[in-house]
Amino acid sequence: MQPSPERRAERIGVIWLLADMTLISAMAALVKMEGAQYPAIQLVFLRSVVGVVIILPLVWRHRREIRHTRHTGRHIFRITCNALALTGNFAALAALPLALVSAIGFTRPLVVMLLAVLLLGERISTIRWLGAALGLAGVLVMVAPGHVPLDPGLAAAFASVLFGSLAVVQTRALKDENTTVLMVFYTVGLSLISAVPAAMTWQPVQPADWAPLLAIGILAQLGQYCFLRAYQTAQANVLAPFGYLSIIFATATGYLLFGEVPRLTTMAGVLVILLSLHITRLLDNRRG
Numbered sequence: 001m002q003p004s005p006e007r008r009a010e011r012i013g014v015i016w017l018l019a020d021m022t023l024i025s026a027m028a029a030l031v032k033m034e035g036a037q038y039p040a041i042q043l044v045f046l047r048s049v050v051g052v053v054i055i056l057p058l059v060w061r062h063r064r065e066i067r068h069t070r071h072t073g074r075h076i077f078r079i080t081c082n083a084l085a086l087t088g089n090f091a092a093l094a095a096l097p098l099a100l101v102s103a104i105g106f107t108r109p110l111v112v113m114l115l116a117v118l119l120l121g122e123r124i125s126t127i128r129w130l131g132a133a134l135g136l137a138g139v140l141v142m143v144a145p146g147h148v149p150l151d152p153g154l155a156a157a158f159a160s161v162l163f164g165s166l167a168v169v170q171t172r173a174l175k176d177e178n179t180t181v182l183m184v185f186y187t188v189g190l191s192l193i194s195a196v197p198a199a200m201t202w203q204p205v206q207p208a209d210w211a212p213l214l215a216i217g218i219l220a221q222l223g224q225y226c227f228l229r230a231y232q233t234a235q236a237n238v239l240a241p242f243g244y245l246s247i248i249f250a251t252a253t254g255y256l257l258f259g260e261v262p263r264l265t266t267m268a269g270v271l272v273i274l275l276s277l278h279i280t281r282l283l284d285n286r287r288g
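When we follow full-length UniProt numbering, the leftmost residue of the sequence shown carries the number 1, and every step to the right adds one.
Structural data, given as structure tokens:
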């Protein structure tokens, strides 16, 4: 029996999302290597500028669609949400342990599901809610955040999750928009927002570092394209649980490139996440 068009679209969307995770993992490895020498905001600015240069030919080719977009307000809202999410993430990283920030970040799929219902009218099955909750439990097993006092850093971390989730939902709402238009608004907007703080903290770039710094921008732009195609192809509530897989990509990258041996709790959490995804898809396919 051939899968329905909706099922095929979901599978293609997942493939696009996995491609995004692969590219972003490679980019994260380069950022980790270069981050010891250059401020994070400088890396963000260089990444976005490289992205602008890469998409210039596409900007010219699709200039009519960009000029005549009917969703300017929604684009601005999405970019604003992205900017607030990045700001919150930077503030949280400065105030909280990295493991805790990562744990809070992986609550995003649950928030995306809720916002997809509230803002997009998408329907979410009980099976997917249970699968997402089980995946979240796996993340908590891995990072074991423990007791955390309420402070501005914690608020910033949750604000990052909220605004990042809003940006994801807005991407889904713009599924009929030209992908190049989405990339242009995001990339140019990020460049403008990061320009001033990057200039204030700028460190001279050594000649040997230009190649990896440029690669960061290239990988980020390719990853963004895959991410946009994923959410234009499949519904947000279908893709959201697969967001948990990014921690597996991060764990593998850390082990292979930096010798970061995962703890037993990390491996246990990975198994829980994989189990949750498998059970969710298996039961959901039976329902369909």
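Glycine is no exception: its CB is placed at the ideal position from the N, C-alpha and C atoms.
| Item | Value |
| --- | --- |
| Beta-carbon contacts of leucine 257 that lie in its chain and below 7 Å, excluding the five residues immediately before and after | Ala29 |
| Segments of 4+ residues assigned as alpha helix (DSSP H) that fall wholly inside the stretch 118-204 | 126-143, 152-173 and 179-200 |
| Delimiting residues of the alpha helix (DSSP H) encompassing serine 25 | 5-34 |
| Validate contact between the stretch 211-231 and the stretch 6-26 using beta carbons, cut 8 Å, 3 pairs | yes |
| Assigned secondary structure, glycine 269 (DSSP; H/G/I helix, E/B strand, else coil) | helix |
| Residue-level contact to chain C via CB, leucine 115, 9 Å cutoff | Absent from the structure is chain C; it holds one protein chain and no more. |
| Beta-carbon proximity list for alanine 220, same chain, < 7 Å, skipping 5 on both sides | Met27, Arg47 and Gly51 |
| Close Cβ partners of arginine 74 (< 7 Å) along its chain, the five nearest in sequence each way excluded | Gln170, Ala173 and Leu174 |
| Minimum C-alpha distance to alanine 9 - residue among Leu130, Ile273, Val238 and Ser276 | Val238 |
| The alpha helix (DSSP H) enclosing arginine 47, as first and last residue numbers | 40-61 |
| Environment of glutamine 235 [buried if 16+ CB atoms lie within 10 Å] | buried |
| Status (buried if at least 16 other CB within 10 Å, exposed otherwise) for alanine 167 | buried |
| Supposed close pair threonine 201, glutamine 42 - CB separation, criterion 8 Å | 6 Å |
| Spatial neighbours of valine 111 in its chain, beta-carbon cut-off 7 Å, leaving aside the 5 residues before and after | Val161, Leu162 and Ser165 |
| Supposed contact pair leucine 18 and leucine 222 - C-beta distance, whole angstroms, cut 8 Å | About 13 Å separates the two Cβ atoms, so there is no contact after all. |
| Histidine 71 versus leucine 182 - alpha carbon distance | 10 Å |
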